[in-house]
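Everything below concerns the one structure shown next.
Numbering (the numbering used here), first residue to last: 905 to 1180.
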């Protein structure tokens, strides 16, 4: 999307790139939950739809105009390369807490939220399970347009502070077994889930030259997807020994500390820029 966007609209391309995964998570989780609740064969239905969507996407890509001049070395270009341009390194390092807490939060919801619904709140419903992810991701997909009126790093500050507040509300919901408070906390955290990540991607994208952009985005998503998967896998192993509630509370507490540090880091940048 960034490559296809005109030179004057690179930030819009970065916005779409950062929001699309969240919108896909929200729609996919909600529709999958509905399929589990109302369909006789939900697995066949869900994966059948995905096959059709991917096939359509592949066909559309074939019709997209090429953004670079073809040159020899097509096979060599398929070798994965991950790097961070010199101009973007300081901003990337400062944004690491954002990447980690945002995607680790997503991993928590996708891996353990359905279990929380059943074992903590006593809810056994596919639609509600889907809503736990859809609310987080749906609010996250909308948040960048709400926070986009502010210049960097304010959206990242607001986003990280929202995640911290949302985690506090989620911990309170678990302590009181309040389902309503759980979804309120999820929505608040969702502001940061989408807003902070999108703001950082929009800040980093213009710092890369066209030939560096692919490797920069590779670095962004390597860090993001490691944060998305590894903590959730570790939490899954710890559930057996610590129990579901203790594991989730510990997971949320660690994320709360990282979010607080990330908020401070972005706030320090704002103060530094103001003094300059």
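Here a beta-carbon is modelled for each residue, glycine too, at the ideal position from N, C-alpha and C.
Query                                                                                                                                                                                : Result
Applying the 10 Å Cβ sphere with the 16-neighbour rule, what's the burial state of residue 945?                                                                                      : exposed
Would you identify the three-state DSSP class for residue 1034, choosing helix, strand or coil?                                                                                      : helix
In chain order, what residues of the same chain lie with their CB nearer than 6 Å to the CB of residue 1086, ignoring the 5 residues before and after it?                            : 1077
Taking the C-alpha atoms as reference points, what is the distance between residue 1001 and residue 949?                                                                             : 38 Å
Please report the distance separating the alpha-carbon of residue 1040 from that of residue 1091.                                                                                    : 6 Å
Report the rounded CA-to-CA distance for residue 1034 versus residue 1049, giving the unit in angstroms.                                                                             : 24 Å
Can you find the residues in the same chain that come closer than 8 Å, C-beta to C-beta, to residue 1117, ignoring five residues on each side of it along the sequence?              : 906, 907, 1109
Which parts of the stretch 1041 to 1119 are runs of the alpha helix (DSSP H), unbroken and 4 residues or longer, counting only runs that do not cross its ends?                      : 1058 to 1080, 1083 to 1108
Taking all protein chains shown into account, do 16 or more other C-beta atoms lie within 10 angstroms of the C-beta of residue 1097, making it buried, or fewer, making it exposed? : buried
Could you pull the start and end residues of the alpha helix (DSSP H) that residue 1179 belongs to?                                                                                  : 1148 to 1179
Using the C-alpha atoms, what's the distance from residue 918 back to residue 1119?                                                                                                  : 14 Å
With DSSP as the reference, label residue 1137 as helix, strand or coil.                                                                                                             : helix
Answer with buried or exposed for residue 967, where buried requires no fewer than 16 other C-beta atoms within 10 angstroms of its C-beta.                                          : exposed
Please classify residue 1099 as buried or exposed, where buried requires at least 16 neighbouring CB atoms within 10 angstroms.                                                      : buried
Taking DSSP as the reference, what is the three-state secondary structure of residue 950?                                                                                            : helix
To the nearest angstrom, how far is the alpha carbon of residue 1106 from that of residue 935?                                                                                       : 29 Å
Taking residue 1137 as the reference, which of 1036, 1027, 1088, 1013 has the closest Cα?                                                                                            : 1013
Along the chain, where does the alpha helix (DSSP H) that runs through residue 988 open and close?                                                                                   : Run containing residue 988: none; DSSP gives neither H nor E here.
Would you identify the three-state DSSP class for residue 977, choosing helix, strand or coil?                                                                                       : coil
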